[in-house]
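Participant: Encoded as structure tokens, here's the structure I'll be asking about.
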Ligand code: PEP
């Protein structure tokens, strides 16, 4: 299966002109790459750009969604709205959303709504610290079990799990994660999924890595870590660096 590379632009850039330029530069270099699936998760106001890019292989994602269908929910965005913009993937449970209120139960409602609308879910999980007693493992287990409550086995093909340790994310990251740390969690996630569903579901689940991915470490998470792909924050806004990441993600 081809590797999945997801760009998470977060609340960047600040103008549509910049957004169009970055995406068109990414699109140019992605032209020659055949094997990688590329999803760019844009801020809501920039979702229209999908229609402007010539490279139709680039898929568009959103960084969040609301779980109600429609109505009096000021500031929220529904799954139907996303679909009209051609959104195929939705990030749910990013740590930056969890830190401003998304509980596992809210994450679960968003996942159910996204699946109902036939879009793919990128479920983000990850601990804030690695304690020596291994409590981070039960924290991750809870995120997965509660996040996937009532998700059917048949729907699991529309789920991607992104392991993003909070301590390795963003410009305030404590340190970079090691590929071996990803291996540990990847196996742990598979065990949880196997217990919840079955081994076949666990083996076909795509588990990607995110947290300070850059052109120098990207390949090691794929090759040594066995990641099905990468979720890239900061470096996805730099077409040169992002293209380098994409080209090693095979
Ligand atoms: C993220 O927050 O999803 C992320 C991966 O960010 P960065 O690559 O900047 O650490």
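Numbering (our numbering), first residue to last: 39 to 288. In this text, a Cβ means the ideal position worked out from N, Cα and C, and glycines have one as well.
1) Runs of 3 residues minimum, wholly inside the segment 49-110: which ones carry the beta strand (DSSP E) assignment?
2) Starting from the N-terminal side, write out each stretch of the alpha helix (DSSP H) that is 4 residues or longer and does not extend beyond the segment 162-191.
3) For the ligand PEP, I want to know if residue 263 counts as a neighbour, meaning its beta carbon is within less than 7 Å of at least one of the ligand's heavy atoms.
4) Report buried or exposed for residue 139, applying the criterion of at least 16 other Cβ atoms within 10 angstroms of its Cβ.
5) Let me know if residue 106 comes out buried or exposed under the rule of 16 or more other beta-carbons within 10 Å of its beta-carbon.
6) State the beta-bridge partners of residue 46 as determined by DSSP.
7) Any idea what DSSP makes of residue 206, helix, strand or coil?
8) Bridge partners for residue 268 per DSSP, in chain order?
9) Taking the alpha carbon of residue 116 as the point to measure from, which residue in 175, 252, 154 has its own alpha carbon closest?
10) Quick check on the burial criterion: 16 or more other C-beta atoms within 10 angstroms. Buried or exposed for residue 158?
11) Which residues in the same chain have their Cβ closer than 6 Å to the Cβ of residue 230, if we skip the five residues on either side of it in sequence?
12) Contact defined as beta carbons within less than 8 Å: I believe residue 125 pairs with residue 98. What is the distance between those atoms, to the nearest angstrom?
13) Suppose the cutoff is 8 Å on Cβ atoms and the five residues either side in sequence are ignored; what does the same chain contact list for residue 184 look like?
14) Spell out a yes or no on whether the segment 56-69 and the segment 85-93 are touching, meaning 3 or more CB-CB pairs, one atom from each, closer than 8 Å.
15) Helix, strand or coil for residue 221 per DSSP?
16) Taking 7 Å as the cut-off, is the beta-carbon of residue 250 closer than that to any non-hydrogen atom of the ligand PEP?
17) Thinking C-beta only, is residue 174 closer than 8 Å to residue 247?
Facilitator: By the coordinates alone:
1) 75-80, 97-100
2) 173-185
3) no
4) exposed
5) exposed
6) 79
7) helix
8) 43, 247
9) 154
10) buried
11) 179, 182
12) 5 Å
13) 142, 143, 145, 146
14) yes
15) helix
16) yes
17) no
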